[in-house]
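One structure below.
Number of protein chains: 2
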Amino acid sequence: MSGTLRPHDGPPAVLFAPHAPRVSMRAAVEAGGGRVVTDPADAEALVWLAPRDPDGLGPTLAAGPAIRWVQLPFAGIDPFIGHLTTEHTWTSGKGVYAEPVAEMVLAMLLAQLRHLVGYARATRWSGPVGTNLHGAHVVVLGGGEITRALLPLLAPFHCRVTVVRRRDEPFAGADRTVGLDALVDVAADADAVVVAMALTERTRGAVDARVLAAMPDHALLVNVGRGAHVDTDALTAALAAGTIGGAALDVTDPEPLPEGHPLWSEPRCLITPHVGNTPEMGVPLLEARVRENVRRFATGGPLIGLVDVAAGY
Amino acid sequence: MSGTLRPHDGPPAVLFAPHAPRVSMRAAVEAGGGRVVTDPADAEALVWLAPRDPDGLGPTLAAGPAIRWVQLPFAGIDPFIGHLTTEHTWTSGKGVYAEPVAEMVLAMLLAQLRHLVGYARATRWSGPVGTNLHGAHVVVLGGGEITRALLPLLAPFHCRVTVVRRRDEPFAGADRTVGLDALVDVAADADAVVVAMALTERTRGAVDARVLAAMPDHALLVNVGRGAHVDTDALTAALAAGTIGGAALDVTDPEPLPEGHPLWSEPRCLITPHVGNTPEMGVPLLEARVRENVRRFATGGPLIGLVDVAAGY
Chain A
335 MSGTLRPHDG PPAVLFAPHA PRVSMRAAVE AGGGRVVTDP ADAEALVWLA PRDPDGLGPT
395 LAAGPAIRWV QLPFAGIDPF IGHLTTEHTW TSGKGVYAEP VAEMVLAMLL AQLRHLVGYA
455 RATRWSGPVG TNLHGAHVVV LGGGEITRAL LPLLAPFHCR VTVVRRRDEP FAGADRTVGL
515 DALVDVAADA DAVVVAMALT ERTRGAVDAR VLAAMPDHAL LVNVGRGAHV DTDALTAALA
575 AGTIGGAALD VTDPEPLPEG HPLWSEPRCL ITPHVGNTPE MGVPLLEARV RENVRRFATG
635 GPLIGLVDVA AGY
Chain B
335 MSGTLRPHDG PPAVLFAPHA PRVSMRAAVE AGGGRVVTDP ADAEALVWLA PRDPDGLGPT
395 LAAGPAIRWV QLPFAGIDPF IGHLTTEHTW TSGKGVYAEP VAEMVLAMLL AQLRHLVGYA
455 RATRWSGPVG TNLHGAHVVV LGGGEITRAL LPLLAPFHCR VTVVRRRDEP FAGADRTVGL
515 DALVDVAADA DAVVVAMALT ERTRGAVDAR VLAAMPDHAL LVNVGRGAHV DTDALTAALA
575 AGTIGGAALD VTDPEPLPEG HPLWSEPRCL ITPHVGNTPE MGVPLLEARV RENVRRFATG
635 GPLIGLVDVA AGY
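Chains as they are written, first to last, in this note's numbering: chain A, 335 to 647; chain B, 335 to 647.
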């Protein structure tokens, strides 16, 4: 696996599967110096358009022996683990949607801190509730592009930011960076815990009953990662018992969250249907990424969003 | 009226009315170099603690002939217009609460743009809705401290900001500044209109049916100024007809908004009960301002938050 591919003679041939691309996506390939083909046998690159559906990927690759690079459409590629061959170069949408998702994190933090969720549900004037984000201690799980996009949004609020990541390498802009094994410790004085990491076997269930118990009773949980990062039953219990201050979940486990699930009627829980980026926001961003990666593929430049097959993200 | 008062011999005598101060407020006066007195006849300064109630102010001033300075507790002093004597120096809480209120504006903008109000009211998984704040055109009515505190919060979103103020003097950090008479023009391509100005005879009803009609059908109205800045009936009609995208009102007219008012059941309206700053947020901020103004009063420095009696704010 390598991010740098040999320069091409002529425009690289790009296949879209499992369905044809939009006109604007086709234009993005051409703007990047590529050409769209429809027969796998002609293809050198594949853009896979089904973000949660890896079925058909194997047969497509088998039918396209000249395919060397596969672009996946989402940042989270957990459904594709087990399908990542080592003879292809894989890129994901990592970083593509970071700005809208970071904006969603701030929206959710502020909505919960300023009690907007409760006020939105009220049908009459009520008393003052709310806390400032200004000066809060925000613990962010994940050292990726969402975190990179989030820190500038938090900067004017003079928050103290702790980044929790696989390794404790310093993260630019954070006040401190710790490894995932220190999560319980840093959660203990968090005003908010934000989950913004990739789902791997290492991070699955990271926000468990122990972490929730460590959080102060005013602290918020925000999840824009994957539902399976959080133990849903433990979270439901913590909210019901009031041992944490509230939750804002853009992803759930199970997802979609079934009708009648107790979190739908939990006063301190906001659930949004996986809209950290909506198609309306995301499609132009993905097209821009495809255009740039096709350009790099054509000229032998390093591709953006390379998947680390061994790490699984 | 002057912001600079003669230096005192000894600690200036500060009276609180119409009720006694909290322990922490008393400590703030002492930390500023003053002393708290309880007899108006002894007082050189008055801190008036009833933000919406000017009754009793006149008799208190009449009983305190040595009172030269009056500190009012809120930024908006519209209930006190008509009570502002020219023989006293008046200061308001202007700027004191700007940071929490600016934070509230951002919270409301993001909550409405990202459809969090709608999602908060949902009881099941639904489809993707939402727009980014990133790159939006935000029209801010008011060239005061809230606007000054808001612009740095908007900066990371690369918004285009138009400030509308009494005069069209440039406002630092805004892309352009226009006078109030240009409001209809600039509202016509706004993604959001934010009301953050003082209520005066000039600004009352500024957001009327004409302005609402000029706004694009996706545009949001956010009001953290005073309810009377907005024509409530015209707003209710615009929301019902869908000629604007939504509203977030921290202040209403009438206020409190009566139970059963159609805005309570309007899907695209968020109402919060005047909590741009809550007492929990605001009290420490006001105490810090009182401490600083007492220190300045004691040493003859210019007071902060001077009221322009003629302009009424």
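For glycine and all other residues, C-beta sits at the position ideal for the given N, C-alpha and C.
Quick one: what's residue 369/A bridged to in DSSP?
-> Within the DSSP secondary-structure output, residue 369/A pairs in a beta bridge with 347/A.
Which chain B residues are close to residue 454/A, counting only those with a beta carbon under 7 angstroms from its beta carbon?
-> 451, 454, 455 and 604
Answer yes or no: do residue 345/B and residue 632/B have a C-beta to C-beta separation smaller than 8 angstroms?
-> yes
So, is the C-beta of residue 642/B closer than 8 angstroms to a C-beta in chain A?
-> no
Put residue 644/B into one of helix, strand or coil per three-state DSSP.
-> Note: residue 644/B maps to coil in three-state DSSP.
Take residue 501/B and list the residues in its own chain whose beta-carbon comes closer than 7 angstroms to its own, dropping the five residues that flank it on each side.
-> Result list for residue 501/B: 513, in chain order.
Roughly how many angstroms separate the alpha carbons of residue 300/B and residue 556/A, rounded to a whole number?
-> Chain B is shown from 335 up to 647; residue 300/B falls before or after that span and cannot be answered.
Residue 381/A - containing beta strand (DSSP E), residue span = 379-382
For residue 444/B, the first and last residue of its enclosing alpha helix (DSSP H) | 432-447
Helix, strand or coil at residue 556/B [DSSP, three-state] = DSSP places residue 556/B in strand when its eight states are reduced to three.
Below 6 angstroms CB to CB, which residues in the same chain sit around residue 492/A once its five sequence neighbours on both sides are set aside?
-> 469
With distances taken Cα to Cα, identify the nearest neighbour of residue 538/A among 410/A, 485/A, 401/A and 349/A.
-> Ranking 410/A, 485/A, 401/A and 349/A by Cα distance to residue 538/A puts 410/A first.
Taking the beta strand (DSSP E) that residue 494/A falls in, what are its first and last residues?
-> 494-499
If we ignore side chains and look at the alpha-carbon of each, how far apart do residue 478/B and residue 531/B end up?
-> 7 angstroms
Would you say residue 468/B faces chain A, with C-beta separation under 8 angstroms as the test?
-> yes
Would you list the one or two residues that DSSP bridges to residue 582/A?
-> 556/A and 604/A
With 16 as the cutoff for other CB atoms within 10 Å, does residue 420/A come out buried or exposed?
-> exposed
Assign residue 449/B to buried or exposed, taking buried as 16 or more other Cβ atoms, counted over all protein chains shown, within 10 Å of its Cβ.
-> Buried, because 16 or more other Cβ atoms sit within 10 Å of the Cβ of residue 449/B.
First and last residue of the alpha helix (DSSP H) that includes residue 425/A?
-> Residue 425/A -> not in any alpha helix (DSSP H); beta strand (DSSP E) instead, spanning 423-425.
Determine the chain A residues that contact residue 529/B at a beta-carbon separation under 8 angstroms, and present them in chain order.
-> In chain order: nothing, as chain A lies at least about 18 angstroms away.
Buried versus exposed call for residue 482/B [16 or more other C-beta atoms within 10 Å across all chains shown] | buried
Proximal residues to residue 553/B (C-beta, below 8 angstroms), its chain only, five neighbours per side dropped | If the five residues before and after residue 553/B are omitted, its C-beta is found closer than 8 angstroms to the C-beta atoms of 521, 524, 525, 526, 527, 578 and 579, all from its own chain and listed in chain order.
Extent of the continuous alpha helix (DSSP H) to which residue 511/A belongs | Taken as a continuous stretch (DSSP letters only), residue 511/A belongs to no alpha helix (DSSP H), being part of the beta strand (DSSP E) at 510-513.
Show which residues of chain A have a CB atom less than 7 angstroms away from the CB atom of residue 464/B.
-> In chain order: 609 and 612.
Could you name the residues of chain A that residue 461/B contacts, counting a contact when the two beta carbons are closer than 8 angstroms?
-> 607
By Cβ distance, which residues of its chain are closer than 7 angstroms to residue 446/A, with the 5 residues on each side in sequence left out?
-> So the list reads 554, 580, 582 and 604, once near-sequence residues are dropped.
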